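Before any comments, here is the structure.
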Amino acid sequence: MSASSIISCMRLLEMSDSQFPVGNFSFSNGLETASYEKIVHDADTLSQYAHAASLQSAYSDGIAAIQAYRAISNDDYDRLLLADKEVILCKMNDEARQMVLRMGKKLAELAVQIMDCSTMQRFLDDIRNERTAGTYPVAQAIAMHCAGISEEEMFTSQQFGVINMILGASLRCVRVSHYDTQKIAYNMAPLIARDYEVVRNLDFEDMRAFVPGMDIMASLHEKGNMRMFMN
Numbered sequence: 001m002s003a004s005s006i007i008s009c010m011r012l013l014e015m016s017d018s019q020f021p022v023g024n025f026s027f028s029n030g031l032e033t034a035s036y037e038k039i040v041h042d043a044d045t046l047s048q049y050a051h052a053a054s055l056q057s058a059y060s061d062g063i064a065a066i067q068a069y070r071a072i073s074n075d076d077y078d079r080l081l082l083a084d085k086e087v088i089l090c091k092m093n094d095e096a097r098q099m100v101l102r103m104g105k106k107l108a109e110l111a112v113q114i115m116d117c118s119t120m121q122r123f124l125d126d127i128r129n130e131r132t133a134g135t136y137p138v139a140q141a142i143a144m145h146c147a148g149i150s151e152e153e154m155f156t157s158q159q160f161g162v163i164n165m166i167l168g169a170s171l172r173c174v175r176v177s178h179y180d181t182q183k184i185a186y187n188m189a190p191l192i193a194r195d196y197e198v199v200r201n202l203d204f205e206d207m208r209a210f211v212p213g214m215d216i217m218a219s220l221h222e223k224g225n226m227r228m229f230m231n
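Last residue of the sequence shown? That's 231 in UniProt numbering, and every number before it is there in order.
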């Protein structure tokens, strides 16, 4: 492994870590309500829920992030802003919008402190001046492009973040063990690879986020009785 590979791998691990301070541990992506309503109650139903969330993310946030990453490579900032707009259009409930905006702004604020990235500084200025929404997938694309992380690695990190958020939350509200959650994560790897081979060839008009069960869970969480995670 070359020195440059080690550097990009180290940065990928840093940005994919659950302790990376952007707030993803504060959300459960609707799992808290799904557990409360006994929809997710064991390892099998948790695996199904994590897979559904991964698919929803791949065909919405994943496509937008890939297009934003390529827009940066082509010095096309307007297309990057279009990707940011398309992400918001795919968020069907308030909790999803709050999550993607809060984490996006936090990542942008963090990135300008730890790396020299003029694109991220411009993006953060546009967020603060309300010229763009500032979504997490687009902020991820900017940060990882600036850090020398490849498009494939960025997509992998993004999908890992979605799955890890749910699996981490499950240990607090579903009757599963660490063995269960790690097996689910391990088995998701080939599915993520398969999804990338499809979505890498798609564009904004192909984006979709139709997983109504998850949107209903997130909407119920806004007024629900469970309060371990943000809503």
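Glycine included, C-beta positions come from ideal geometry on N, C-alpha and C.
These numbers come from a predicted model, not from an experiment.
Item: Beta carbon of Asp84 nearer than 8 Å to that of Gly30; Value: no
Item: Boundaries (first-last residue) of the alpha helix (DSSP H) holding His51; Value: Ala43 to Ser57
Item: Contact check, Gly23 vs Lys106, beta carbons under 8 Å; Value: yes
Item: Thr119 (DSSP reduced to helix, strand or coil); Value: helix
Item: Assigned exposure category for residue 233 - 16 Cβ within 10 Å defines buried; Value: For residue 233 there is no data in the structure shown, the boundaries of the chain being 1 and 231.
Item: Leu89, buried or exposed, once every other Cβ within 10 Å from all chains shown has been counted against 16; Value: exposed
Item: Straight-line gap, Thr45 to Tyr186 (C-alpha atoms, nearest Å); Value: 16 Å
Item: DSSP-derived helix/strand/coil call for Glu86; Value: helix
Item: Extent of the continuous alpha helix (DSSP H) run through Glu205; Value: Counting along the chain, Glu205 falls outside any alpha helix (DSSP H), and DSSP gives it neither H nor E.
Item: Met154 vs Ala141 beta-carbon contact at 8 Å; Value: yes
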